[in-house]
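Trainee:
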Amino acid sequence: MTSDSAQVSRYWDKYRQVLVTNYRDFVLVSQDDDGRPINLESYRLASNEAEFWSKASDPRAFANEHEAPFIEYLNRVMLPGAPVTSPQEVSWFLALYARTAMAGIEGQDAPALTALRAALEEALGVRFEGAKGASGRHLDGC
Numbered sequence: 068m069t070s071d072s073a074q075v076s077r078y079w080d081k082y083r084q085v086l087v088t089n090y091r092d093f094v095l096v097s098q099d100d101d102g103r104p105i106n107l108e109s110y111r112l113a114s115n116e117a118e119f120w121s122k123a124s125d126p127r128a129f130a131n132e133h134e135a136p137f138i139e140y141l142n143r144v145m146l147p148g149a150p151v152t153s154p155q156e157v158s159w160f161l162a163l164y165a166r167t168a169m170a171g172i173e174g175q176d177a178p179a180l181t182a183l184r185a186a187l188e189e190a191l192g193v194r195f196e197g198a199k200g201a202s203g204r205h206l207d208g209c
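Under the working numbering, the first residue of the sequence shown is numbered 68, with each subsequent residue one higher.
Rendered as structure tokens:
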């Protein structure tokens with residue numbers, strides 16, 4: 068990724084936020100608390116160039132695979148500077164992060180999350196039960 072290139076530096080000097088891509092990887096370059104450039108969240112369409120071009124040979128399937136998570140990535144990285152003015156907007160942002168986390172662990176055995184699940188159940192006063200509770204998609208008792 069060329070997020071430290073002269074071209075990116077020129078854009079960053081002017082806008083203080085630049086979304087950089089090489090078509091396969093995306094990274095948001097923003098600023099840290101001291102006003103220096105910092106690479107923030109990134110998104111990867113494929114792990115290497117060969118995989119990227121292999122997937123690009125079927126553009127419809129490639130687009131379908133990345134459509135939702137990529138749109139959520141763009142929303143997460145481009146909207147944080149916008150003011151949050153309502154509880155609905157807070158919940159929308161939290162839901163974005165929850166969907167991203169869920170996509171990252173979906174279909175995997177995640178025993179490390181057992182303690183987190185128990186803590187959430189206790190803190191929220193709900194139980195994650197049944198088939199939907201196991202996937203985190205339904206809360207009984209709400």
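Every residue gets a Cβ at the ideal spot worked out from N, C-alpha and C, and that includes glycine.
1) Just checking, does the segment 123-138 make contact with the segment 78-85 on the three C-beta pairs under 8 Å criterion?
2) DSSP puts Q98 in a beta bridge; with which residues?
3) Can you tell which of S158, H133, L161 has its C-alpha closest to the C-alpha of Y90?
4) Straight-line CA distance for Q155 to N142?
5) Can you find the residues in the same chain that come closer than 7 Å, C-beta to C-beta, to E188, ignoring five residues on each side of it along the sequence?
6) Please list the terminal residues of the continuous alpha helix (DSSP H) segment that includes L86.
7) Shortest alpha-carbon distance to A135 belongs to which of Y78, L112, W120, S121?
8) How many angstroms separate the CA atom of L161 from the CA atom of E116?
9) Can you tell me whether S121 is buried or exposed, with buried defined as 16 or more other CB within 10 angstroms of its CB?
10) Could you check the C-alpha separation between D100 and M145 for me, to the nearest Å?
11) Between which two residues does the alpha helix (DSSP H) harbouring L112 extend?
12) Near V75, what residues of its chain come up, given a Cβ to Cβ distance below 8 Å and the 5 sequence neighbours on each side ignored?
13) Give the single residue among V157, F119, A123, R166 whose Cα lies nearest to the Cα of I138.
14) Tell me whether R204 is buried or exposed, calling it buried when 16 or more other Cβ atoms sit within 10 Å of its Cβ.
15) State the Cα-Cα distance for the pair L191 and S158, rounded to the nearest angstrom.
Mentor: So, to answer that:
1) no
2) P104
3) H133
4) 15 Å
5) R194, F195
6) Where L86 is concerned, there is no enclosing alpha helix (DSSP H), although the beta strand (DSSP E) it sits in stretches over 85-88.
7) L112
8) 33 Å
9) exposed
10) 18 Å
11) Note, L112: premise wrong, no alpha helix (DSSP H); not H, not E.
12) T69, V85, V87, V96
13) R166
14) Any reading at R204 needs caution, since the residue's pLDDT is 43, under 50, leaving its predicted position unreliable; the model's value is listed next. That one is exposed.
15) 15 Å
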